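Position one of the sequence shown corresponds to residue 22 (my numbering), numbered consecutively onward. Even for Gly, the Cβ is constructed at its ideal location relative to N, Cα and C. As the structure is a computational prediction, the values presented were derived from the model and not from experiment. Presented below is the structure to which this report refers.
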Amino acid sequence: MKMIFGGLLLAALSATPSNATVVITNDPGGRIEDYVKRLSSLRAQGEEFIIDGPCISACTLIVAIIPLKRVCATGRSTLGFHAAWNPGWFGQQVPNAEATRALMKRYPRHVRRVIAKNGGLTSKMFFVSAAEVGISQCR
Numbered sequence: 022m023k024m025i026f027g028g029l030l031l032a033a034l035s036a037t038p039s040n041a042t043v044v045i046t047n048d049p050g051g052r053i054e055d056y057v058k059r060l061s062s063l064r065a066q067g068e069e070f071i072i073d074g075p076c077i078s079a080c081t082l083i084v085a086i087i088p089l090k091r092v093c094a095t096g097r098s099t100l101g102f103h104a105a106w107n108p109g110w111f112g113q114q115v116p117n118a119e120a121t122r123a124l125m126k127r128y129p130r131h132v133r134r135v136i137a138k139n140g141g142l143t144s145k146m147f148f149v150s151a152a153e154v155g156i157s158q159c160r
């Protein structure tokens, strides 16, 4: 069975049946803790993933939590990385250095190298291909 969705990974994952292929088509990310919890649950269930569009922000935790042999990407995939932040009183992004450090600790060494080559995790988003972080092309 294949689950195809856009938008928030978490919304779709809550309804994902066991042994499904999760297809990420446009995931803007969200709260780090929520992604860690859901991706960890899906890892335990043995789910496989296809990245078929943007996987941004907390969505990139897929490379930290899901074994890469269970993830593939299409030519439409891209991963967007940035520093963690909290919403401020007036909607502005307030950097969260502690959460950014915790995020970096989760990423595997090869992903941390890619992040470093791109200037580190800052408030400015940068994008890389799935191949750059070790995700193979879907067959």
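I think R64 touches I86, with their Cβ atoms under 8 Å apart; what is that distance to the nearest whole Å?
At roughly 6 Å, the Cβ-Cβ gap stays under 8 Å, so R64 and I86 are in contact.
Every unbroken alpha helix (DSSP H) inside the region 61-130 [4 residues or more]
Within the region 61-130, the complete alpha helix (DSSP H) runs of at least 4 residues are 83-86, 118-127.
N-terminal and C-terminal residue of the beta strand (DSSP E) that T143 is part of
Element bounds for T143: n/a, residue is neither H nor E.
Could you tell me whether any Cβ in chain B is nearer than 8 Å to the Cβ of E69?
The question asks about chain B, but that chain is absent: this structure has only one protein chain.
Tell me the rounded alpha-carbon separation between N47 and I83.
Rounded to the nearest angstrom, the two C-alpha atoms are 14 Å apart.
Tell me the rounded alpha-carbon separation between V149 and G109.
Whole-angstrom Cα-Cα distance: 28 Å.
Give me the residue from E153, L124, K90 with the minimum Cα distance to A104.
Minimum Cα distance to A104 is reached at L124.
Which of helix, strand or coil DSSP assigns to I45:
Reduced to three states, the DSSP call for I45 is strand.
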